[in-house]
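Scroll down for the structure; my scribbles are underneath it.
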Amino acid sequence: MTKSLSNILPAELQNNPLTTFGRGIAAYSEVKPDHIAPAIEYLLKRAQDAVDVAVDPSTPSTWDDLAEPLEDATEFFGRSWGVISHLNSVADTPELRAAYGEMLPKVTAFFSSLGQNLDLYKKFKELSNSPDFKKLSAAQKKVIENSLRDFRLGGAELSDTQKPRFAQIQDEQAELGKAFSDHVLDATDNFVHLITDESKLIGLPEDAKAAAADTAQQKSLQGWAFTLHFPSYYPVMQYSENRALRQLMYEAYVTRSSELAPKYGDGKLDWDNTNNMLDQLRLRDEEARMLGFENYAALSLAPKMAKSVEEVDAFLTNFAHKAKPFAIKDWQELTQFAKTELGLSDGLEPWDIAFASERLKQERYSFSENELKQYFPLPKVLDGLFQVIQTLFGVKIEKANLPTWHADVQSFSVKNAKGDITAYFYLDPYARPGKRGGAWMDDARGRRVLPNREIQVPVAYLVCNFAPPVKVDGVLRQPTITHDDVITLFHESGHGLHHLLTQVSALGVSGINGVEWDAVELPSQFMENFCWEWEVLEKMTAHVESGKPLPRELFEKMLAAKNFQNGYMTLRQIVMSLTDWRLHSSFNTQNAKEYAVLDISRSIADQFNVIPQPSISRWINTFSHIFAGGYAAGYYSYKWAEVLSADVYSAFEEAAKLTGSVLDEKTGIRYRQEILEVGGSRPAAESFKAFRGREPSIDALLRHGGLA
Numbered sequence: 000m001t002k003s004l005s006n007i008l009p010a011e012l013q014n015n016p017l018t019t020f021g022r023g024i025a026a027y028s029e030v031k032p033d034h035i036a037p038a039i040e041y042l043l044k045r046a047q048d049a050v051d052v053a054v055d056p057s058t059p060s061t062w063d064d065l066a067e068p069l070e071d072a073t074e075f076f077g078r079s080w081g082v083i084s085h086l087n088s089v090a091d092t093p094e095l096r097a098a099y100g101e102m103l104p105k106v107t108a109f110f111s112s113l114g115q116n117l118d119l120y121k122k123f124k125e126l127s128n129s130p131d132f133k134k135l136s137a138a139q140k141k142v143i144e145n146s147l148r149d150f151r152l153g154g155a156e157l158s159d160t161q162k163p164r165f166a167q168i169q170d171e172q173a174e175l176g177k178a179f180s181d182h183v184l185d186a187t188d189n190f191v192h193l194i195t196d197e198s199k200l201i202g203l204p205e206d207a208k209a210a211a212a213d214t215a216q217q218k219s220l221q222g223w224a225f226t227l228h229f230p231s232y233y234p235v236m237q238y239s240e241n242r243a244l245r246q247l248m249y250e251a252y253v254t255r256s257s258e259l260a261p262k263y264g265d266g267k268l269d270w271d272n273t274n275n276m277l278d279q280l281r282l283r284d285e286e287a288r289m290l291g292f293e294n295y296a297a298l299s300l301a302p303k304m305a306k307s308v309e310e311v312d313a314f315l316t317n318f319a320h321k322a323k324p325f326a327i328k329d330w331q332e333l334t335q336f337a338k339t340e341l342g343l344s345d346g347l348e349p350w351d352i353a354f355a356s357e358r359l360k361q362e363r364y365s366f367s368e369n370e371l372k373q374y375f376p377l378p379k380v381l382d383g384l385f386q387v388i389q390t391l392f393g394v395k396i397e398k399a400n401l402p403t404w405h406a407d408v409q410s411f412s413v414k415n416a417k418g419d420i421t422a423y424f425y426l427d428p429y430a431r432p433g434k435r436g437g438a439w440m441d442d443a444r445g446r447r448v449l450p451n452r453e454i455q456v457p458v459a460y461l462v463c464n465f466a467p468p469v470k471v472d473g474v475l476r477q478p479t480i481t482h483d484d485v486i487t488l489f490h491e492s493g494h495g496l497h498h499l500l501t502q503v504s505a506l507g508v509s510g511i512n513g514v515e516w517d518a519v520e521l522p523s524q525f526m527e528n529f530c531w532e533w534e535v536l537e538k539m540t541a542h543v544e545s546g547k548p549l550p551r552e553l554f555e556k557m558l559a560a561k562n563f564q565n566g567y568m569t570l571r572q573i574v575m576s577l578t579d580w581r582l583h584s585s586f587n588t589q590n591a592k593e594y595a596v597l598d599i600s601r602s603i604a605d606q607f608n609v610i611p612q613p614s615i616s617r618w619i620n621t622f623s624h625i626f627a628g629g630y631a632a633g634y635y636s637y638k639w640a641e642v643l644s645a646d647v648y649s650a651f652e653e654a655a656k657l658t659g660s661v662l663d664e665k666t667g668i669r670y671r672q673e674i675l676e677v678g679g680s681r682p683a684a685e686s687f688k689a690f691r692g693r694e695p696s697i698d699a700l701l702r703h704g705g706l707a
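Residue numbers (numbering that gives the first Met the number 0): 0 to 707.
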């Protein structure tokens, strides 16, 4: 007889929102910092009890007795911790941060011990070698195969003398990643530049000025307050004619979390990430070598599509060589324009680039980004996005009423053709203090078959940082977003669809779970393409004042400007990717003392980029993707997946030649079935070939980007 787990919740936890939501959705607004430790301590113990049952000799090595019960116990623990992690990203407070930080080492230690559990590893090996394995579904087999790989990567085969150090490495990495993210958030949140003389705001759009006035009012200041949050920072760089203001904001932005940044709180608060990055690289290198890999880049490829360190380096280097002639042309045009038309005879400084680029775009294509922005009220854009999804994939999106963590957050249901709810998602659209910058999709709950054989429907978070609505002349104005923001929204929705439309019922490979990291961006980048289609934009635009849709003439100008400066923007992405890749492939303990992260990033930029580097730039110190966001030795995947996504989209372009519309439902359903629905249940290369009928080609991406 195998032991069973108790499902009776202790009395002291029966009003704790982190333990009572069960199969449902947590009451986010009710979560308090003092709920965290009791809930996680209890759920940790329950998860450990499940592990103990799993490794008990009397527990049969079958899916029903081993894999499913273990998944059931650890999944709820993971979802509860996921609620805390999510709140830490979108509703940060000192108290929440402290409570999260207190539990982080314990959570990390549990999952580290899980990956190192040799008895559990043996049980899964027994299952994989048993006659019952052949009876499992393809998705269940993939879960077991991935689990065995993850056990090996988690240190299960290490000696007993090595395992404590390996676990310590995981703890230290988790703490450093959290500290890196906290430093960037704090450095961003704590900068405010106040202007009291409106004459210094010449060139700024009215909505940017209104937002700055609103920020000042929120901070009990008189005038216009500017921050380093992107919706506040970038309009200054793009439109302000006050060169001194641009320089001040730029220098503050690119020195965040570095030794050049100002120290706050009488010099007591230091958010410099320089040593943090070096410490993380040292730990990652040690981890890789313990597992038998030459470096962390090689380790990172174990669950990815790419086969070798050299293949990725060659992919990025060759891409850089293809883009560089176009980047040189872009830069020469911009510097000449700045000299002759803007009077910048002393040269183009870093804080002039966005401003000069916007002016050049306006002159060349006769429109400005701000003019275009007025046609994209967020509610109208959402309607257009949902229409694309509904047309292509045969689903219905409707407003829902899920518990939220902020008044601005919206929730929606996804229904199939029969009207059954098959998924839910959240949209948290606006930037605010205490919310991490950038945009992302995250898994709130995955699709799986429950022990009672019911289907648990997936739930996703879609998080953006758009400029919030502001009052103009005392009236709350409908929020408008830039076309770049529209692209971001479509991008994150693509990730969401990958998670929400899955038909796989084995949690480990349903939705985005188990998808190779360098293929996970395919659905997100695929969705971006629809932001450039007239039949889509015509229906998702309405001028914020007149209500009229985007004029065809303005669309044609926008389309002509699509690849404006794409040469050097592509190079910028490649430089970031190569910096990440070479940091993780060149670091080793022998060169650690002489290693300087900044020097590596500079040498790569000097080799490949065409824009001179300012000496003060410390962009690497806020590169959260690789030091706090899970993309370590994986940032190349954006470009890698872009090749796949452009090729996939070309199938819709081919269909449009026959049907007259890229919103071709037949092609959309096939894409849904072959890529979105299968999730991680089969290799991404197989899913791509099942949809396209051939290997991927770079041709579509070069054509779309004007680099052919």
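Every residue, glycine too, gets a C-beta built ideally from N, C-alpha and C. It should be emphasised that the depicted structure is a prediction, and the values quoted were computed from it without experimental measurement.
Taking the CA atoms as reference points, asparagine 369 sits about 54 angstroms from proline 68.
Taken atom to atom, the span from the alpha-carbon of glycine 679 to that of serine 649 is near 23 angstroms. Apart from the 5 residues on each side of it in sequence, leucine 315 sits with its Cβ closer than 8 angstroms to the Cβ of Ile573, Ser576, Leu577, Trp580, Tyr635 and Lys638 in its chain, given in chain order.
Contact between phenylalanine 626 and methionine 248 does not hold, since the beta-carbon distance rounds to 24 angstroms and is not under 8 angstroms.
Around the Cβ of glutamate 74, a 10 Å sphere holds 16 or more other Cβ atoms; the residue is buried. If you check the CB distance, glutamate 532 and histidine 490 do not come in under 7 angstroms.
Here the region 378 to 392 makes no contact with the region 51 to 65; the two share fewer than three CB pairs at distances below 8 angstroms. Counting only runs that start and end inside the region 205 to 259, the alpha helix (DSSP H) elements of at least 4 residues fall at 205 to 217, 229 to 238 and 242 to 253. A straight line joining the alpha-carbon of glutamine 217 with that of aspartate 181 spans about 23 angstroms. The C-beta distance from threonine 479 to phenylalanine 563 rounds to 21 angstroms, too long to fall under 8 angstroms, and the pair is not in contact. One alpha carbon belongs to phenylalanine 411, the other to histidine 34, and they sit about 27 angstroms apart. Exclusion of the five residues before and after serine 509 leaves Ala138, Gly445, Arg446, Arg447, Pro457, Thr501, Val503, Gly678, Gly679 and Ser680 as the residues of its chain whose Cβ lies within less than 8 angstroms of its Cβ. Scanning its chain for C-beta atoms nearer than 8 angstroms, with the 5 sequence neighbours on each side dropped, one finds around alanine 560 the residues Lys360, Arg363, Tyr364 and Phe366, in chain order. Here the alpha carbon of alanine 186 sits roughly 6 angstroms from the alpha carbon of serine 256. Residues Leu193, Ile194, Thr195 and Ala215 of the same chain have their beta carbon placed closer than 7 angstroms to that of glycine 222, with the five preceding and five following residues left out of the count. The beta carbon of lysine 556 lies closer than 8 angstroms to those of Tyr364, Ser365 and Phe366 in the same chain, with the five residues before and after it left out. Annotation: the continuous beta strand (DSSP E) that includes glutamine 409 extends over 409 to 414. In this structure, Gln477 is the residue among Gln477, Glu250, Ile39 and Gly23 with its C-alpha nearest to the C-alpha of glutamate 544.
Here asparagine 275 carries a helix assignment [DSSP, helix/strand/coil]. Less than 7 angstroms separates the beta-carbon of alanine 518 from that of alanine 640. By a beta-carbon distance limit of 8 angstroms, alanine 210 contacts alanine 466. Their separation comes to about 6 angstroms. DSSP lists Thr479 as the beta-bridge partner residues of proline 376. In the three-state reduction of the DSSP assignment, phenylalanine 687 falls in the helix class. Around the beta carbon of glutamine 13, fewer than 16 other beta carbons lie within 10 angstroms, which makes this residue exposed.
Taking a C-beta distance under 7 angstroms as the contact criterion, phenylalanine 325 and glycine 77 do not qualify as a contact pair. The Cβ-Cβ distance between phenylalanine 525 and glycine 493 falls below 7 angstroms.
Secondary structure note for proline 324: it is in no beta strand (DSSP E), and the uninterrupted alpha helix (DSSP H) holding it is 308 to 340. Closest in C-alpha terms to lysine 199, from the list Ile454, Arg669 and Val235, comes Val235.
In the assembly as shown, proline 522 is a buried residue. Its beta-carbon has 16 or more other beta-carbons within 10 Å. Taking the CA atoms as reference points, glycine 629 sits about 29 angstroms from alanine 689.
Close CB contacts of arginine 669 within its chain, under the 7 angstroms cut and outside five residues either way in sequence, are with Phe690 (chain order).
Judged by DSSP secondary structure, lysine 124 falls outside any beta strand (DSSP E) and instead within the alpha helix (DSSP H) spanning 117 to 127.
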